[in-house]
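Data first, discussion second: the structure below is written as C-alpha cells.
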Amino acid sequence: MNDTLLSDIENMDLDDDDEETLDQIRAELKRINETLILSVMEKNQPYAKLPYQYTPNRDIDHRPPVFLYGLGFTYKEVYEYIIRTRLPISTSMGTIPDFSRYLDELFGVEMGTMHGVPPTCRGLVVFRLRTNYYNPLPKKKMEEIADTCDRVFQRRPMWYVGSARKKDYRISESDFFRSREL
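Numbering-wise, the numbering used here comes out as the position in the sequence shown, counting from 1, plus 4.
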C-alpha cells in the first residue's frame, strides 16, 4: 500500500489561483480515499505500521474504524502454544482467557482480548495493546512488548481492523478544504 501521508496535502501551499496545486490535492485525496473503504482496509490487513489515513483527525472530522494493535493468533495457534509450553489451563475458563492471563504476566500489562476481528479474519484472536483512538502505554513499554513478542512468539504486534460502523470512510473534498480555512 502506498504510504503517502494525508499531511503531505495538508501542508501544500494553496493559492486560490493555483489550479495545478488544487488538482494535485484532489488527485492525492482521491488516492487516499481509495484506501478508506472498509473492504480495502480488511483486504490489506494486518499492517506492520498503521497508515496515517487510518488515524482520527478532528480538523477534517475524520473518524476511521477502530484499529487494534496487538498479537493475532488463530485459535489453533493458541491451543498448540499452550500444549507445547504446558501452560496451566482452567477448564472452567477455557484456553483464551488463560492465554490472555499468561500474556498479562509476560508483558506486565493487562491486555484486552478481541475475538474474530474482522469477518475476513474468522478464527483470529487479537490480544489488543492499543487502538488508533486510545494508547494507554508509553512508547518505551510498547517497544519492550514488541521485542518480547519477537523473542517468545517470533512475531511482532500488528494492526487489525477492529470494529466498523460503515463501509465507506472517505474524506469529502469540502471537509478537507473547510479545515484549511480554520
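A virtual CB, placed ideally from N, CA and C, is assigned to each residue, including glycine. Note that the coordinates shown come from a computational prediction; the quantities given were computed from them, not determined experimentally.
CA-CA distance, Arg90 to Gly112, rounds to 20 angstroms. Listed in chain order, the non-local C-beta contacts of Gly74 below 6 angstroms within the same chain comprise Val130, Phe131, Arg132, Leu133, Pro161, local neighbours out to five positions each way being set aside. Relative to the Cα of Thr78, the nearest Cα in the group Cys153, Glu24, Ile100 belongs to Ile100. If you check the CB distance, Tyr58 and Asn136 come in under 9 angstroms. Under a 10 Å Cβ-count criterion, Ile87 is classified as exposed, with fewer than 16 other Cβ atoms of the shown protein chains found around its own Cβ. DSSP places Met162 in the uninterrupted beta strand (DSSP E) bounded by 162–167.
Secondary structure of Tyr83 (DSSP, three-state): helix.
Under DSSP, Met118 forms a beta bridge with Val130.
For Tyr73, there is no enclosing alpha helix (DSSP H); the enclosing beta strand (DSSP E) covers residues 70–78. According to the DSSP secondary-structure assignment, Ile41 is paired through a beta bridge with Asp172. Annotated three-state conformation of Thr99 is helix, per DSSP.
Annotation: Gly116 to Glu32 spans about 36 angstroms, alpha carbon to alpha carbon. Distance check between Leu128 and each of Trp163, Lys145, Arg169 places Trp163 closest, using alpha-carbon atoms only.
According to the DSSP assignment, Cys125 belongs to no alpha helix (DSSP H), since it is labelled neither H nor E. In this structure, Tyr173 lies away from Leu26, with their beta-carbon atoms at least 9 angstroms apart.
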